[in-house]
Amino acid sequence: MKKALSISSLFLITLILSSSAWAQNKVLNVDDYDRWSHIRGAEISNNGNWMAYGLQPNGGDDTLHVISLNNDRTHYEIPLGENATFSSDNSWVAYILTVDEETRRKMSKKGDKIYNQAQLLNLQTGEKHTIERAASMAFSEDGNYWAVHRQKPEDDKSKHKGSDLIVRNLQDGSVVNIGNVSEFAFNKKSSHLAYLVDASDKTGNGVYLKNLSSGNLTTLDTDSTTYSTLSWDDDDAHRKDWNKKGTALAVLKGIKVDTLLHSENKVMVFRGLNSRVTKTTLDPESKQNFPDEMVISENGGLS
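When you read off a place in the sequence shown, starting at 1, and then add 1370, the result is the number in my numbering.
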């Protein structure tokens, strides 16, 4: 049975063959070491027309290469780029921009906080959009939205987890900034964006649901407690089941107790998110058969 080679393997084979031919004319020595590069994080767009890979020279910084596999041979080079992801409609690529190693060493030595950037590249026009202090990013599965969760500014010493979530509509270019977000997730059919709020004074803490078609925002639950572990019912669903799912959410709602390792959590499940919402709560305190020595931990996932 024949096995397909990965992109990285094909690149490595090409490099080895070309290097072998070059080596026949020259003996390699220690000084040649810096001429070698590593290929990292190879990705191909859904339609197979675009490829992205990182090229890291020994002792050097990454350069992200985004190449058209069509006849136009478009080639974007992004210094310090890594972790490229193509949108499902093959129109965009997003990636992280890091800090060069020399700057990173200097900042680390001084104890300065190091921030990355998230950047979005239009594959047809070359237009770029950059978000500072990026912690994570995600496309909606239909490729219509790009969301970036930002880190808090260095001068923000507050203990709450919430920070800005930037959501860009890739169809019309509009941008929404949602404050104090601790977690976010699109459902697989890209009809809704769910997010949790964790504010400094706990005002507005809760579970929120945004309808991406209408723009309507629904408050599913709000309280002066902590919400965590956001999970859609379609997180592990096969693509063929996406349209049937994406209508239910689960979260933990808890109170932090200083004397306990874990928060005192309840499980909240919201169903019927595309019509009439119902809410179910599992509270260990009210369940007689819940083991006394057990807790619902925020350190595990929900499924």
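Think of the CB as a built atom: it goes at the ideal place given N, C-alpha and C, for glycine as much as any other residue.
Bear in mind the structure is a predicted one, so any value in this text is a computation, not a measurement.
Distance between beta carbons of residue j and residue i, contact taken as under 8 angstroms
i	j	result
ALA1464	GLN1489	7 angstroms
LEU1540	TYR1515	6 angstroms
THR1596	GLY1624	5 angstroms
Neighbourhood of residue i by C-beta, 8 angstroms cutoff - its chain only, sequence neighbours within 5 removed
i	result
ASN1399	none
SER1458	ASN1416, PHE1509, GLU1511, ASP1512, GLY1513
VAL1397	none
ARG1520	ILE1501, GLU1502, ARG1503, ALA1504, ALA1505, SER1533, ASP1534, LEU1535, ILE1536
Cα-Cα separation between residue i and residue j, rounded to whole angstroms
i	j	result
ASN1644	LYS1614	11 angstroms
SER1570	ARG1474	30 angstroms
TYR1446	HIS1435	6 angstroms
VAL1567	LEU1535	10 angstroms
GLY1451	ASP1593	40 angstroms
LYS1531	ILE1484	18 angstroms
SER1461	ASN1492	6 angstroms
LYS1527	GLU1502	18 angstroms
LYS1372	MET1507	With a pLDDT of 41 at LYS1372, under the threshold of 50, the modelled position of that residue is not reliable, and the figure given next carries that caveat. Whole-angstrom Cα-Cα distance: 36 angstroms.
GLY1411	PHE1456	12 angstroms
GLU1553	LYS1610	26 angstroms
ALA1422	GLU1497	17 angstroms
MET1477	THR1651	46 angstroms
LYS1649	ILE1409	48 angstroms
VAL1577	ILE1448	37 angstroms
THR1495	GLY1549	31 angstroms
ALA1517	ASP1606	20 angstroms
VAL1639	SER1584	23 angstroms
THR1468	THR1433	10 angstroms
LEU1676	ASN1453	Beyond the ends of the chain as shown, which are 1371 and 1673, falls residue 1676; an answer cannot be given.
ASP1542	GLY1481	41 angstroms
GLU1472	VAL1637	46 angstroms
GLU1413	ASP1653	44 angstroms
ARG1538	LYS1479	36 angstroms
SER1544	LEU1582	13 angstroms
LYS1522	ASP1442	41 angstroms
ASN1635	LEU1622	6 angstroms
ILE1466	HIS1608	28 angstroms
VAL1551	ARG1646	25 angstroms
Per-residue DSSP class, three states only, for residue i
i	result
THR1617	coil
LYS1610	helix
ARG1641	strand
GLU1471	helix
LYS1580	strand
ARG1410	strand
TRP1392	Residue placement at TRP1392 is flagged as unreliable, the pLDDT there being 46, under the threshold of 50; the coordinate-derived value follows with that caveat. The answer is helix: DSSP assigns TRP1392 an H, G or I state.
LYS1636	strand
ASP1653	coil
ARG1405	helix
SER1478	helix
ASP1591	strand
ARG1520	strand
ASP1444	What sits at residue 1444 in the sequence shown is Thr, not Asp. Three-state result, THR1444: coil.
ASN1417	coil
HIS1530	coil
TYR1423	strand
SER1598	strand
GLY1624	strand
LEU1563	strand
SER1506	strand
ASN1586	coil
ALA1484	A small fix is needed here, since residue 1484 is Ile in this sequence, not Ala. Reduced to three states, the DSSP call for ILE1484 is coil.
Same chain, Cβ closer than 7 angstroms to residue i, neighbours up to 5 away in sequence not counted
i	result
LYS1580	HIS1562, LEU1563, LEU1587
ALA1391	Interpretation of ALA1391 is limited by its pLDDT of 49, a score under 50 that renders its predicted location unreliable; no figure is taken from the coordinates.
ASP1470	ASP1431, LEU1450
ASN1440	ASN1419
TRP1612	LYS1558, LYS1559, ASP1604
ASN1547	ASP1534, ILE1536
LYS1572	SER1594
ALA1555	ALA1564, LEU1600, TRP1602
LYS1529	none
Chain-order list of residues whose beta-carbon lies under 6 angstroms from that of residue i (same chain, five-residue window excluded)
i	result
LEU1672	THR1599, SER1601, ALA1620
THR1617	LEU1643, ASN1644
ILE1437	MET1421, HIS1445
ARG1641	ALA1618, THR1648
LEU1590	VAL1577, LEU1579, PHE1640
GLU1524	LYS1483
HIS1499	LEU1490
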